Each structure stands twice: as C-alpha cells, then as structure tokens.
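Residue 255 in our numbering is what sits at position 255 of the sequence shown, and the numbering runs on without skipping anything.
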Amino acid sequence: MAKFVPDVTTDRWVIIAEGRLKRPRDVEKNHEGVNKICIFCPGYEKLPGEEVYRVGAGAPYAPGWEVRVIKNKYPITDFHEVIIHSPDDEKDIDELSLEQVHKILLTFRERYNFHSKNGHVLIFNNVGEAAGASITHPHSQLVVIPRQITIDALTMEPILNVVFDNRHFVVFCPEFSQWPFEVWIAPKKRNETFGQITAEAIGDLSSVLQNALRRIIHHLSGGEHFHPGVPMVTFKAGPAYNFYIHHGQDWYIRLIPRLIHRAGFELGTGLSVNIMDPQDAADILRQETS
Numbered sequence: 001m002a003k004f005v006p007d008v009t010t011d012r013w014v015i016i017a018e019g020r021l022k023r024p025r026d027v028e029k030n031h032e033g034v035n036k037i038c039i040f041c042p043g044y045e046k047l048p049g050e051e052v053y054r055v056g057a058g059a060p061y062a063p064g065w066e067v068r069v070i071k072n073k074y075p076i077t078d079f080h081e082v083i084i085h086s087p088d089d090e091k092d093i094d095e096l097s098l099e100q101v102h103k104i105l106l107t108f109r110e111r112y113n114f115h116s117k118n119g120h121v122l123i124f125n126n127v128g129e130a131a132g133a134s135i136t137h138p139h140s141q142l143v144v145i146p147r148q149i150t151i152d153a154l155t156m157e158p159i160l161n162v163v164f165d166n167r168h169f170v171v172f173c174p175e176f177s178q179w180p181f182e183v184w185i186a187p188k189k190r191n192e193t194f195g196q197i198t199a200e201a202i203g204d205l206s207s208v209l210q211n212a213l214r215r216i217i218h219h220l221s222g223g224e225h226f227h228p229g230v231p232m233v234t235f236k237a238g239p240a241y242n243f244y245i246h247h248g249q250d251w252y253i254r255l256i257p258r259l260i261h262r263a264g265f266e267l268g269t270g271l272s273v274n275i276m277d278p279q280d281a282a283d284i285l286r287q288e289t290s
C-alpha cells in the first residue's frame with residue numbers, strides 16, 4: 001500500500017512507495033552479447049503482471065494483442081497500470097503506424113474513464129534513462145491519486161508560440177516553459193477532461209502527438225540540425241523525454257525533452273531556469289522533418 005505523507009505547513013504531499021526499489025530494469029548486453037528477455041514482448045505475457053485490458057486478438061496472457069494493459073507489480077499508488085504500446089520492442093509513438101497510435105490513445109481514454117471514479121487519473125510516459133525509464137520496451141503508465149491529495153500541476157497556459165495545429169488541437173511552446181523545447185498540445189474545445197474526448201478528436205490527436213514527437217526528436221538529435229545563432233542542446237545518448245496528460249478539467253498534453261538536469265539553485269528556490277527562449281524553440285520546431 002502507498003503511504004501518503006502531508007507537509008504540515010503546506011498542502012503538498014509525498015508518496016512513500018518502497019516497493020519501487022524492486023522494479024526490474026533493462027540491462028546492457030551480457031558478456032556473450034545476448035540481451036536478456038524483455039518481459040513486455042510477446043511470449044512472456046505471464047511474467048510482468050495481471051492483465052486487465054487488451055486491444056487485439058488472443059486470450060489473456062497469450063500473444064495476439066496489439067495494445068496490452070497490466071497492473072504494475074511495483075506500484076506508486078494503489079491503482080497503477082502499465083500500457084504496453086505494441087508488441088514491437090523498439091518502435092514508439094514517433095515510429096509506429098498512425099493506426100497503432102490511434103489504438104494506444106483509445107486505450108488511454110478507456111483506462112482513464114475506467115478509473116475516473118477512483119480518484120485523479122494521471123497518464124504519463126517516460127522515454128530514455130534520463131527521463132526515468134526503467135524498461136526500454138515502449139510503454140506508458142497510469143496512476144490514480146486519491147481525490148483528497150492535492151496535485152501540484154500546472155493549469156492551462158495561454159496559447160503563444162504556435163508550432164502547428166489542426167481541426168481539434170494546437171501545438172505550442174508556452175511562454176512559461178520550464179524546460180528547453182517544452183511543447184504543449186491543447187484541444188481547441190475547452191472545459192473538458194481527457195475522458196470526454198470524441199472518437200473524431202482522438203484521430204486528430206494521434207497525428208498531432210506523433211508529429212510533435214517527430215519534430216522534437218528530429219531537431220534535437222544534433223548533426224545538421226543545429227541552427228546558427230541559437231543556443232542548442234541535444235539528445236546526446238538518444239531521445240529522452242516525458243509526457244503526461246493533465247488529470248483534470250481543461251486537459252492538455254505536456255511534452256518535456258530531458259536535456260538538462262535540475263541543480264542546487266532550482267532545488268533550493270523552486271524556480272526553473274530555461275536556457276532556450278520558447279519563441280526560438282517554436283521557430284525551430286516549425287520546420288518540417290524530412
């Protein structure tokens with residue numbers, strides 16, 4: 001069971017989840033050059049955790065699935081699920097087919113609505129070691145936080161520095177960006193939760209999310225994509241980013257490339273230092289990928 005500890009002088013909370021220490025991690029190739037098994041790959045369905053939902057064919061705990069949801073064996077909170085994006089061990093949202101991304105987002109909505117009665121539902125994604133990923137097989141996570149717990153989350157930011165948009169969504173770099181190349185995806189229809197998104201809008205969101213991730217990865221991979229006169233930071237050891245879907249009303253998706261570390265100043269003051277002007281970031285990300 002998770003332990004929720006309040007700060008007696010503020011409305012902030014800390015979650016004590018000692019079981020997280022036991023969670024598995026992908027390991028480098030062994031001395032024989034053979035990878036250890038991936039517990040999220042087809043054929044190992046009985047290993048990682050209790051299956052609660054799947055898209056695709058096949059019986060529970062058997063191959064045939066296209067998107068698979070399991071309970072996290074090492075939960076942060078009492079409700080904690082892992083959403084495995086596809087059977088593919090390497091391709092993630094930026095490389096999968098648009099049809100597969102659509103299935104992932106439909107699964108997000110399904111699980112969000114399933115758990116909304118239990119508390120605040122947060123869906124998040126960690127890619128790369130610098131972003132906190134412990135298993136490389138592409139996946140997202142869903143946690144439920146009790147409603148009495150205050151979540152210190154940002155509210156919807158003014159839409160400035162637009163990168164691109166479509167019928168239902170706009171992609172932009174907020175003036176308030178706390179991280180270099182931080183990108184937000186906001187629905188044009190406001191005052192709704194993520195669980196209220198329509199089937200038509202999910203189709204648009206699939207292409208918008210994939211496009212935004214492709215632009216971030218493309219422009220931050222270094223090489224010929226440096227821009228004269230603009231200070232650049234890059235993914236030195238491969239893509240590393242987080243995204244999350246805001247849990248409440250006026251939802252958005254926040255994409256955070258993990259290009260810098262928070263140090264003593266940020267920890268001591270609670271202030272963020274962004275080394276990239278959001279206007280410059282938007283100018284760069286507007287350039288189409290090849």
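The beta carbon of each residue, even a glycine, is placed where N, CA and C say it ideally should be. Only a predicted model underlies this, so the values are computations on that prediction, with no experimental measurement involved.
Taking residue i as part of the beta strand (DSSP E), name the residues at either end of that continuous run.
| i | result |
| --- | --- |
| TYR244 | 241-245 |
| LEU205 | LEU205 -> not in any beta strand (DSSP E); alpha helix (DSSP H) instead, spanning 199-219. |
| GLY248 | Segment: none, GLY248 is in no beta strand (DSSP E) and carries neither H nor E. |
| TYR44 | Element bounds for TYR44: n/a, residue is neither H nor E. |
| GLY56 | 51-56 |
| ALA186 | 183-187 |
Can residue i and residue j be called in contact, C-beta distance under 9 Å?
| i | j | result |
| --- | --- | --- |
| MET156 | ARG109 | no |
| PRO257 | ILE284 | no |
| VAL162 | ALA282 | yes |
| ILE185 | ILE93 | no |
| HIS246 | LEU205 | no |
| PRO180 | LEU259 | yes |
| ARG111 | LEU160 | no |
| ILE76 | ALA130 | no |
| LYS103 | VAL67 | yes |
In whole angstroms, what is the alpha-carbon distance linking residue i and residue j?
| i | j | result |
| --- | --- | --- |
| GLU28 | PRO87 | Only weak support exists for where GLU28 lies, its pLDDT of 44 falling under 50; the value from the coordinates is given anyway. Each residue's alpha carbon lies about 21 Å from the other. |
| HIS31 | ILE39 | Low confidence applies to HIS31: its pLDDT is 41, below 50, so where it sits in the model is not reliable, and the reading given next is rough at best. Approximately 21 Å, taken between the alpha carbons. |
| ASN126 | PHE243 | 7 Å |
| GLY222 | ALA212 | 17 Å |
| GLY203 | ARG54 | 19 Å |
| VAL52 | VAL69 | 6 Å |
| PRO48 | PRO60 | 13 Å |
| GLN279 | THR193 | 28 Å |
| LEU98 | ALA199 | 14 Å |
| PHE124 | ILE83 | 10 Å |
| PRO42 | PRO63 | 5 Å |
| ASN274 | SER177 | 7 Å |
| GLU195 | ASN113 | One detail in the question is off: residue 195 reads as Gly in this sequence, not Glu. For GLY195 and ASN113, the distance between alpha carbons rounds to 6 Å. |
| GLY132 | LEU105 | 22 Å |
| GLU95 | GLN210 | 8 Å |
| GLN152 | ILE15 | Residue 152 is actually Asp in this sequence, not Gln. Roughly 13 Å between the two C-alpha positions. |
| ALA2 | ARG286 | 43 Å |
| ASP11 | THR150 | 7 Å |
| CYS173 | TRP65 | 36 Å |
| VAL235 | ARG214 | Position check: residue 235 holds Phe in this sequence, whereas Val was assumed. If I take the Cα positions, the gap works out to 13 Å. |
| HIS85 | ARG262 | 29 Å |
Any idea if residue i is buried or exposed, counting beta-carbon neighbours within 10 angstroms, 16 or more meaning buried?
| i | result |
| --- | --- |
| GLN293 | Residue 293 lies beyond the stretch modelled for the chain, which goes from 1 to 290, so this question has no answer here. |
| VAL101 | buried |
| ILE145 | buried |
| SER134 | exposed |
| THR107 | buried |
| GLY270 | exposed |
| PRO187 | buried |
| PRO138 | buried |
| THR289 | exposed |
The alpha helix (DSSP H) spanning residue i covers which residue range?
| i | result |
| --- | --- |
| ASN113 | 98-115 |
| ASP283 | 278-285 |
| PHE194 | That residue, PHE194, is in no alpha helix (DSSP H); it is neither H nor E in DSSP. |
| GLU266 | 264-269 |
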